[in-house]
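Student:
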Amino acid sequence: MGKGVVPDTHRLNTSSARSTALKHADVVLLLGARLNWILHFGEEPRWSSSARIIQVDIHAEEVGRNAGDAELGLVGDVDLVVEQLLAALANWQYRSPSASPSQSYKSLLKVSSIKNENNSRRQALQRTPANGFLTFQRAFHIIRTVFNSLSSAEEGDIVYVSEGANTMDISRSLFQLEHPRQRLDAGTYATMGVGLGYIVAAHAAYNLSSTGENLQKQKKIVAFEGDSAFGFSAMEIETLARQQIPALIFVMNNSGIYHGDTKTEEEWRKLQKETFTNQIRCSGISNGPSFQTKKGLRSTSLLYNTRYEYLAAMCGGKGFFARTEEELEKATREGFLENEKVVIVNVIVDPGIGQSIQFGWQTSNDKGSQGMKL
1 MGKGVVPDTH
11 RLNTSSARST
21 ALKHADVVLL
31 LGARLNWILH
41 FGEEPRWSSS
51 ARIIQVDIHA
61 EEVGRNAGDA
71 ELGLVGDVDL
81 VVEQLLAALA
91 NWQYRSPSAS
101 PSQSYKSLLK
111 VSSIKNENNS
121 RRQALQRTPA
131 NGFLTFQRAF
141 HIIRTVFNSL
151 SSAEEGDIVY
161 VSEGANTMDI
171 SRSLFQLEHP
181 RQRLDAGTYA
191 TMGVGLGYIV
201 AAHAAYNLSS
211 TGENLQKQKK
221 IVAFEGDSAF
231 GFSAMEIETL
241 ARQQIPALIF
251 VMNNSGIYHG
261 DTKTEEEWRK
271 LQKETFTNQI
281 RCSGISNGPS
291 FQTKKGLRST
301 SLLYNTRYEY
311 LAAMCGGKGF
321 FARTEEELEK
331 ATREGFLENE
341 KVVIVNVIVD
351 PGIGQSIQFG
361 WQTSNDKGSQ
371 GMKL
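Residue 1 is where the sequence shown starts when you use UniProt numbering, and the numbers rise one by one after that.
1. Could you tell me the boundaries of the alpha helix (DSSP H) in which arginine 121 lies?
2. Is the beta carbon of valine 146 sitting closer than 8 Å to the one on leucine 248?
3. Determine whether the beta carbon atoms of alanine 223 and glycine 195 lie at a separation below 8 Å.
4. Take the Cβ of tyrosine 304 as the centre, count every other Cβ of all protein chains shown within 10 Å, and call the residue buried at 16 or more, exposed below.
5. On the DSSP letters alone, give me the boundaries of the alpha helix (DSSP H) that isoleucine 143 sits inside.
6. Would you mind sorting tryptophan 92 into buried or exposed? The rule is 16 or more other CB atoms within 10 Å of its CB.
7. Take aspartate 57 and list the residues in its own chain whose beta-carbon comes closer than 6 Å to its own, dropping the five residues that flank it on each side.
8. Tell me the rounded alpha-carbon separation between glutamate 154 and arginine 11.
9. Based on the DSSP output, what are the partners of glycine 256 in its beta bridges?
10. Evaluate isoleucine 158 with the Cβ neighbour count: other Cβ atoms within 10 Å of its Cβ, from every protein chain shown; 16 or more gives buried, anything less gives exposed.
11. Consult DSSP for leucine 35 and reduce its assignment to one of helix, strand or coil.
12. Roughly how many whole angstroms lie between the Cα atoms of glycine 316 and alanine 322?
13. Between the stretch 230-242 and the stretch 176-183, do three or more beta carbon pairs fall short of 8 Å?
14. Just to confirm before moving on: does the CB-CB distance between alanine 67 and leucine 22 stay below 8 Å?
15. Along the chain, which unbroken stretches of the beta strand (DSSP E) at least 3 residues long are found entirely within the stretch 225-251?
Here is the structure:
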């Protein structure tokens with residue numbers, strides 16, 4: 001939630017080497033954040049077992065939570081604590097460790113940053129094959145390219161909202177922010193369904209005067225919604241239309257929570273039929289074993305390629321269905337330039353069959369196995 005406080009282009013911003021920064025840190029001063037899922041609870045293997053974490057929090061009950069050390073924690077207002085620390089350390093000078101330059105913390109971050117940026121660039125530039133699915137990385141690259149041609153990150157004229165699994169996790173690192181308070185996501189409590197409410201809040205904060213009148217200088221509110229997350233509050237589209245909030249909403253549609261089930265609708269319909277057959281068998285309506293088999297759709301499955309864009313049209317807005325790179329580029333440009341109506345771009349992305357949810361590494365013996373991020 002604090003993205004932009006330190007601009008993405010600032011030399012001290014290590015977000016592109018986040019995993020390395022956490023794993024190799026020996027002392028951590030935690031300001032404005034908590035040791036929850038966002039920071040992997042302060043646990044191995046994401047953090048070093050020897051890391052000393054100093055929590056600063058206004059709530060005493062948070063100090064020492066999860067992997068925090070209650071003896072090192074400071075209870076107080078972050079602003080006041082930082083002022084006191086700066087005063088106490090006024091004459092302190094950092095002394096570089098004796099490790100060789102190639103082994104220094106700074107060098108590790110640089111190597112990791114270059115590696116991650118190259119990998120991200122490779123995924124973003126990998127064109128979608130004919131009749132293939134857009135990947136999250138490729139889709140976001142296309143969207144970002146259009147945004148950059150219409151509004152530079154330095155201007156800070158876009159406020160981002162994101163929620164979902166892959167959608168939130170991947171988009172947070174791909175859209176550059178140079179200003180604070182211009183990105184809202186599921187936050188500390190990992191709450192899904194807040195995205196459309198955030199759109200209303202962002203519009204009120206940036207585009208309306210204290211008397212409720214539209215300001216002359218408007219910021220574009222852009223939301224990246226996972227298809228599951230979008231479903232929790234989808235009918236707030238009516239609110240956006242009624243209040244004439246011209247938000248641009250991308251629904252990243254992989255037909256499931258975390259991942260989909262099939263590549264084709266025919267395969268999906270087959271699973272749907274198996275699900276219904278199994279439910280009948282389990283309820284005793286027909287002859288057969290009275291137990292649930294693993295055949296059929298998962299409890300986290302969603303309808304195949306649901307046409308979410310029709311919700312915008314239903315309210316007098318604009319809806320786009322994007323399967324190809326060309327369709328996505330066109331929809332993004334038209335949607336961004338629309339300044340009166342709400343816009344939904346329904347982006348069909350790779351279902352990612354077989355991916356696992358994140359915190360599986362916490363249940364393994366060595367906590368070393370890593371799954372897909374939430």
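Every residue gets a Cβ at the ideal spot worked out from N, C-alpha and C, and that includes glycine.
Remember, it's a predicted structure, so these values are computed and weren't measured experimentally.
Tutor: In brief:
1. 105-125
2. no
3. yes
4. buried
5. 136-150
6. exposed
7. Val63
8. 16 Å
9. As computed with DSSP, glycine 256 is found in a beta bridge with Ser301.
10. buried
11. coil
12. Between glycine 316 and alanine 322, the C-alpha separation is close to 19 Å.
13. no
14. no
15. none
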